[in-house]
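Notes follow once the structure below has been shown.
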Amino acid sequence: MNHWLSLIVAAPAIAAACLLVLKPDQKLAIRLVSLVGATVALIGSLVVAATYDRALGGFQMLESYPLVPSYGIHLKLAVDGWGVALLILTGIIIFTGVLASWSVPKRDKEFFLLLLVLVSGVFGVFVSQDLFVFFLFYEIAVLPMYLLIGIWGASHDVRAAGPFKYVWKRFAVGGKEYAAMKLTLMLLVGSAAVLVAMLMLWASPGVQTFDLQALERASFSHTTQMWAFPLLWLGFGSLAGVFPFHTWSPDGHASAPTAVSMLHAGVLMKLGAFGVMRIGMVLVPDAAATWAPIVGTVAVINILYGAFCAASQTDLKYIVAYSSVSHMGVVMLGAATMTPNGWNGAVYQMFAHGIMTGLFFALVGLVYERAHTRAIAKMGGFAHPMPVVAAFFTLACLSSLGLPGTAGFVAEFLVFVGAAQSQHWWWTIPGVLGAFVTAVYVLRACKTIFWGPVPQGEYAHLADARKTEWAAPLVLGSALVLFGFWPRFLLDSIDGASATFLQRVTTVAEVSK
Amino acid sequence: MNDPIFLAALALFVPIAAALFLLVAAPVRHRGAPAAGVCVTASVVALAAAVRLVFVHAAQGDARWTTTWISAAGKPIAEVGLHLDGASVSMLAVVCLVALCVQVFSVAYMHDEPPRGYGRYFSFHALFLFSMNLFVLAPNLLQAFAGWELVGLTSYLLIGFYFAKPSAAKAAVKAFWMTKLADMGFLFGLLWLFVATGSFEWTTKLAPEVAVGVTLLFFLAVVGKSAQFPLHIWLPDAMEGPTPVSALLHAATMVAAGVFLVVRADPLFAQADATREVMLWIGSFTAVFAACLALVQRDIKKVLAYSTCSQLGYMVAALGAGSAFAGYFHLGTHAFFKALLFLAAGSVIHAVHSNDLADMGGLRKKMPLTTLTFVIGALSLAGIPGFAGFFSKDLVLATLEGRANWIPWAMLMGAAFLTAFYMGRVVCMTFFGALSHKAEHAHEAPLWMSGPLLVLAVPSVGAGFLGGWLAHSLGAHYETHVGLTPIVASTMAIAGLLGSIAIYGRRRDASVAGAIERLDKASMVDRAWELGYRRALLGVSGLLGWFDRYVIDGLMNFTGYTTIEAGAAVRGAQTGRMRHYLVAVVVGAVLLALMGLL
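If you're matching them up, the sequences are chains P and H in order.
Residues in the first sequence are numbered from 8 upward in steps of one, following the working numbering.
Residues in the second sequence are numbered from 9 upward in steps of one, following the working numbering.
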C-alpha cells in the first residue's frame, strides 16, 4: 500500500496550512510555498499515471482509514482509469494556475490559501471511494469560489432590459458580488439535490453504507432509482453547466480572476460531469438508461445553444465562458450515449476541454492585464506586439473547434462516434453543427483581436508573455498537441474504466429486465 | 534504403521534424534565412525519399504499416500508418517535387519579408508538407481526415500570412469557414461509415443506400476543398496569400486533395451511381462556370484561381464518369503546369509590383525566360496537342464520350475553348503588346526563381507521356488513340487561342470583354453566402444571446428576487410584540384542538 493518493490530496492543503504562518508581506515566500504544494501534487499525479497498471485496470493504490464506521463512512481513496486522467488534468491546471496568478494584486496570502484548499477538494473528489467523503470534498472544492470571485473578481455593467428588468432594483447584475452569489447559490441548490439522492441510496433497505464499491453491488428499487437519478443529474449537472442551470457560468467566469477561471472552467465543471457519470450513471444504471434520451437531448441543446450564445458575445471572457457551456455539452452527450466510445470521449473531453479552456483563460488574463479591456471590438492587431500570446491563442482556438492533431478532436470525435452508435444517432447532427459554429466564433475572435494593422495609441506597447507567464501557454499548449497526436497515453486507461463501468450498467439493466 | 516503409516515413516525418524544430528554436526562426535552409533541406530529403520510393515500389509492390491509434473496450477502432500503392507513391512524389520547387522559388520571392515573417513562412511550409503527406499516405479515411484538416489549417495560416492586411485576414477566415462547413460532410460520412461497417477502411462493401449516403457526404467535403460550385467562393479570395502559396496549396496540391480522396475511395464511390451522377454534373458545370469567370478577371492570380476551379471541375467530372484514373492523371499534369503558371505569374508580379493585368504588357523582351515558361504552362493548360495537359484533358473527355447524355461532354468541350481563350488573353495582355508604364523597370527573375520554373516546365511538357506508366502502377488501362474527342478538343483549343489573339493581340482591352463582364455572377453566390452568415448565423446567435441573458438568466434572477421579496413580506409577522405572539399561540392551540376533535 503506497500513499501517493493521500499525498496528492494533502499536498495543497498542507501548503495552505503553511501559508497561515507566513506574514502577508512575504510575497515571494507565499508564492513559492504555493508553487511547491502544486508541484508536489502534479508530480504525484504523474507518478500515479505512470505506475497505474493499465493491463490490470480497476481500482488501484487503495488506502482506507475509518472515519465514522458506525455509519459506514471511511476515508477510502483509490484511483481508476478515469481518475488517472483527471488527476493529471488537475495537477497541470493548478501548477500553471499558480504561476499564472503570480501578479495577484491584493491579499495574496488569502488568495493562494483558498486556491490550494479548493484544489485539495478537487483531488479528493477524483480519488474518493466513499460517497460521503466524495460529497465532503465536493463541497470543499465549490465553496472557496464565493470568496475568490467576490474579493478578487472584476465587475462590469449589464444593461437592464428584458421581461425581468425589475430585478435590477435588488441586484447589481454583472457585479462581482452578484456573480459570486449567483454561482454559489446555484451550485448549493445542486448540492442539496445530490445530498437528498445520497441519503436515499444510503437509506435503501440493506445498504447503510457510503462505500462506493458496496453501493455499486447493491441493487436499488426502481422507485429509488427513478428519483435518485434526476436529482443526481441536475444536482451535479448544475456544476457541469447543464442547460438551463448554466447561467452562473458566464457571469462567474467573466468576473473571476485568471487562475480562478482556469480552475473553475478547467477542473470544477468536470467535477459535475464526473459526478453524473461516476455516481449517477454507475450507481443507478436502470434509471440512467431510462433518462439517457433526455440527458443527451439536453446535452445537444447545450452544445448548439452555448455555441450560438458565444457567437453573440462581445466580451472576450464571456465568449470563452459560453464556449465552456457548449463544450461541457459534449461531455454530457458522450455520457448519455452509454457506449464505450461515448464514455471514453466524455472523459477525454473533460481532459481536453480542461486544458484548452485553462489555456484560453490564462491568455485572456494576459490580454486583459495589458489592454485593460475585454471588449474585442476595441482590440485589433495584437499579434504584432504579443506574437506568443497570439500563437497560443490560435492553438486553443483550433483545439476548441476540434481540429485533428489537437486533444479536442480526439474527444469530440469519440463522442460523435458514440452518439452515432447509440439509439439516437441524430444527436450527431447538432453536435457536429455546434463544432462548426465554434469554428465561426473562435476564429472571428482570433481575427478581431490579433490580426489587423499594427495597433496604435494606448495599445502600441503591449508586452508579450514574460517569465512565469510563459508557464501556462507552454505547458497547456504542448499538452493539447501531445494528447492530440498520441491519445493512447490516457485513452487506454480511460477505456479500461469505461469498459468496467459499462459492463456493470448493461448487466444490471439486463438482470432487471 | 530499400525498405518502402522507411522511405515513406522519412518523407512524412522529416518535414514535421523541421516544423517542430523551427517552432521550438525561436532564434533560428527569427533570423529568417536559416529557417528557409531547414525547410528546404527537409523537403529535399522528403523528395529524395519519395523518388526512391517510386522505384522501390515498382520493384517490390504495395506495402502497408499501421499501428493502433484509438481503441474502445479493448479493441482497436482506429489506426494510423502508411499505405503505399501506385496512387499514394506517385502522388507523394508529385507533392514533394512541387513543394520543393515552390519553396526554392520562395527563397528569392519572399526575400523582402522581415526575418521573423520569413522564418514563419517557411515553418508553415514544413508543416504543410507534413500534413499533405499525412493525407496522401493515409491507410484509412480517418487519417485522411486528419491530414485533410491539417492542410486546411496551413492554408488558413498561409492565406493570412500578411495578417496585418484586413482583406487577407478576412480571406483566411472565409477559406477556413467554407471548407469547415463542407468538412462536416466528411465527418458525418466517417461516422456513418463506421456505424455501418465498424471501420474507416478505403475499401468496404456497403449496402446500396448507405453507399450513396456516405459518398454524397464525402463529396460535399470534396466540393468545399476542391472549390466546386457553389462552395468555390473562397478560392479566388485565397489569392490574398503570397503567390508561391497559391501555386502550391491553392492550385497544385491542397485543392486537389478532394480529387485524390475520391480516387482513393474509388471502391466506395463505385458502389454509388447516384453520387457519381451528381459529381458528373457539378464537375461539368463548375468547369464551364469558372472558365467564364476566368475570362473577365483583371487580376492575373484570379484568372488562374478560377482556372483552377475549372480544371478541378474536369477532374470531378471524370471521377463522376467512373474513371478514377482519368481524374488522377489530370490532377498530376495539372499540378505541374498550374504550379508553373502561378510561379511564373509570381515572377511577373515580383517584377512589376502589381497583380493587375492592366499594369502589365510587353514583358516578353524584359523577361524572356518567364515568358517562355508561362507560355509553356498556358499551352499545356489550353490542351494544345503534344503538351501534358492535352493528354490528360483528352482522357477526361474521352471518358465522357459515348455516354447516353452528351451534355457534360459538350460542356467540357466548351470549357476547353474558354480555357484556351482566357489563357491566350492573359498571355497577350501580359507579355505582348506595348510595354506598360509599370513594366519599364522590370527585369528577369534571379536564378532561385527561374530555376524552379525551368524544372516545372519539363513535366508540363512531358508528363503526358507518363500516362502509360501511371496507368500501369494504378492497375488501370491507358492508350492514346485518334478519334472524335482528341480532334474536337484540339480544334477547340486552337480556336480559343486564335480567337483570343485576334481580340487581344493588338488592342489592350476590347469591347467584347465589357460584354462578357456581365457574366460575373460570382458576386451573387458570394453575396448569398454573406447573407447566410450575417443574417442567419449571426442573427440567430444574437437572438439566443439576448434570450439567455434576459430570459433564462432572467428566470434565475426572478427566483432570487421572489425569494427575497417573499422574505420581506413574511418578515412583517415578526413584530416583536408579546401580545401578537400570544394571540398566535391561542389561535394555534384552538385550531389543533378542533382538528383533534374532528
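Where a beta carbon is used, it is the ideal one built from N, C-alpha and C, also for glycine.
Keep in mind that this is a model prediction, so the values were computed, not measured.
inquiry  = Does the CB of Ala518 of chain H have a neighbour CB from chain P at under 8 angstroms?
reply    = Confidence at Ala518 of chain H is low in this model, with a pLDDT of 49, below 50, so its placement is unreliable and the value that follows should be read with caution. Using a Cβ-Cβ cut-off of 8 angstroms, Ala518 of chain H does not count as an interface residue toward chain P, since no Cβ of chain P sits closer than that to its own.
CB contact flag (Phe443 of chain P, Leu214 of chain H, <8 angstroms) = No. Outside cutoff.
request  = Along the alpha helix (DSSP H) that carries Arg377 of chain P, what are the first and last residues, could you check?
outcome  = Start and end: Pro347 to Ala378.
inquiry  = Taking a contact to mean a Cβ-Cβ separation below 8 angstroms, would you say Pro84 of chain P touches Ser162 of chain P in this structure?
reply    = Residue identity check: residue 84 of chain P is Leu in the sequence provided, not Pro. Between Leu84 of chain P and Ser162 of chain P, the C-beta spacing is not below 8 angstroms.
Bridge partner(s) assigned by DSSP for Arg542 of chain H = Bridge partners of Arg542 of chain H: none, in fact.
ask   = Residues of chain H with a CB under 8 angstroms from the CB of Lys498 of chain P: which are they?
value = Note that residue 498 of chain P corresponds to Leu in the displayed sequence, not to Lys. Those within 8 angstroms of Leu498 of chain P in chain H are Ile78 and Ser79.
request  = May I have the straight-line CA-CA distance separating Ala518 of chain H from Met437 of chain H, to the nearest angstrom?
outcome  = Unreliable placement is indicated for Ala518 of chain H, whose pLDDT of 49 sits below 50; no coordinate value is reported for it.
key: Buried/exposed call for Pro416 of chain H, threshold 16 Cβ in 10 Å   = Pro416 of chain H comes out buried.
request  = Quick one: grab the DSSP three-state call for Val327 of chain P.
outcome  = If DSSP states are grouped into helix, strand and coil, Val327 of chain P belongs with the helices.
task = For the alpha helix (DSSP H) containing Ala6 of chain H, list its first residue and its last residue.
result = Residue 6 of chain H lies beyond the stretch modelled for chain H, which goes from 9 to 606, so this question has no answer here.
inquiry  = Rounding to the nearest angstrom, what Cα-Cα distance links Val337 of chain P and Thr211 of chain H in this structure?
reply    = Cα to Cα, Val337 of chain P sits roughly 31 angstroms from Thr211 of chain H.
Chain H contacts from the region 395-412 of chain P (Cβ-Cβ distance under 8 angstroms) = Of all residues in the region 395-412 of chain P, Leu405, Leu408, Leu410, Pro411 and Gly412 have a Cβ within less than 8 angstroms of some Cβ in chain H.
inquiry  = Report the start-end ranges of each alpha helix (DSSP H) in the region 226-274 of chain P that is 4 residues or longer and not cut off at the edges.
reply    = Given a length threshold of 4 residues, each whole run of the alpha helix (DSSP H) inside the region 226-274 of chain P is given here in chain order: 229-247, 255-262 and 265-270.
Backbone CA spacing between Arg535 of chain H and Arg543 of chain H [nearest angstrom] = Spanning the alpha carbons of Arg535 of chain H and Arg543 of chain H requires a straight line of approximately 11 angstroms.
ask   = In terms of DSSP beta bridges, what is Val75 of chain P paired with?
value = According to DSSP, Val75 of chain P bridges with P:Ile80.
query = Is any beta-carbon of chain P found at less than 8 angstroms from that of Leu546 of chain H?
reply = Closer than 8 angstroms to some Cβ of chain P, the Cβ of Leu546 of chain H qualifies, so yes.
ask   = Can you give the Cα-Cα distance for Gly90 of chain P and Ser406 of chain P, rounded to whole angstroms?
value = Gly90 of chain P and Ser406 of chain P have their C-alpha atoms some 23 angstroms from each other.
inquiry  = On a Cα-Cα basis, can you pick out the residue from P:Phe118, P:Met207 and P:Ala318 that is closest to Gly547 of chain H?
reply    = Closest option to Gly547 of chain H, Cα to Cα, is P:Ala318.
query = Taking Cβ positions only, does Trp417 of chain H come closer than 8 angstroms to chain P?
reply = Judged by the 8 angstroms Cβ criterion, Trp417 of chain H is not in contact with chain P.
ask   = Is there at least one Cβ from chain H nearer than 8 angstroms to Phe423 of chain P's Cβ?
value = So yes, Phe423 of chain P belongs to the interface.
message = Tell me the DSSP secondary structure of Val593 of chain H in three-state form.
response = If DSSP states are grouped into helix, strand and coil, Val593 of chain H belongs with the helices.
request  = Below 8 angstroms on the Cβ atoms is my guess for Ile95 of chain P versus Leu53 of chain P; work out the distance and round it to an integer in Å.
outcome  = The beta-carbon distance between Ile95 of chain P and Leu53 of chain P, rounded to whole angstroms, is 7 angstroms. This is short enough to meet the 8 angstroms contact definition.
Below-8 angstroms beta-carbon distance, Thr488 of chain H vs any chain P residue = Taking CB atoms only, Thr488 of chain H has no neighbour in chain P less than 8 angstroms away.
Residue range of the beta strand (DSSP E) that includes Ser355 of chain H = Not the beta strand (DSSP E): Ser355 of chain H falls in the alpha helix (DSSP H), residues Ala332 to Val360.
ask   = Does the beta carbon of Val289 of chain P come closer than 8 angstroms to any beta carbon on chain H?
value = Cβ-Cβ to chain H under 8 angstroms: no for Val289 of chain P.
query = Tell me, which residues are paired with Gln67 of chain P by DSSP?
reply = The partner list for Gln67 of chain P (beta bridge, DSSP) reads P:Val86.
request  = Say whether chain P places a C-beta atom closer than 8 angstroms to the C-beta of Ser315 of chain H.
outcome  = Not flagged as an interface residue toward chain P: Ser315 of chain H, since no C-beta distance is shorter than 8 angstroms.
request  = Taking all protein chains shown into account, decide if Asp364 of chain H is buried (16 or more other Cβ within 10 angstroms of its Cβ) or exposed.
outcome  = So Asp364 of chain H counts as exposed.
key: Contact between the region 401-409 of chain H and the region 320-333 of chain H (3+ Cβ pairs under 8 angstroms)   = The region 401-409 of chain H makes contact with the region 320-333 of chain H; the number of CB pairs closer than 8 angstroms reaches 3 or more.
request  = Would you mind telling me which residues of chain P sit closer than 7 angstroms to Glu157 of chain H, beta carbon to beta carbon, in chain order?
outcome  = Those within 7 angstroms of Glu157 of chain H in chain P are Leu410 and Pro411.
task = Out of P:Ala266, P:Gln232, P:Leu190 and P:Lys34, state which residue places its alpha-carbon closest to the alpha-carbon of Glu476 of chain P.
result = Comparing Cα positions, the closest option is P:Ala266.
request  = Could you name the residues of chain H that Pro494 of chain P contacts, counting a contact when the two beta carbons are closer than 8 angstroms?
outcome  = Below the 8 angstroms Cβ cutoff, chain H contributes Trp77 and Ile78 as neighbours of Pro494 of chain P, in chain order.
Partners in chain P for Trp210 of chain H, counting only beta-carbon separations shorter than 8 angstroms = Close to Trp210 of chain H, with beta-carbon spacing below 8 angstroms, lies no residue of chain P; the smallest spacing is near 18 angstroms.
request  = Taking a Cβ distance cut-off of 9 angstroms, strictly less, list which residues of the region 252-272 of chain P are near chain H, in chain order.
outcome  = From the region 252-272 of chain P, only Phe252, His253, Thr254, Trp255, Pro257 and Asp258 have a Cβ closer than 9 angstroms to chain H.
inquiry  = So for Ala71 of chain H, helix, strand or coil by DSSP?
reply    = Three-state result, Ala71 of chain H: strand.
Reduced DSSP secondary structure (H/G/I, E/B, other) of Trp77 of chain H = Three-state result, Trp77 of chain H: strand.
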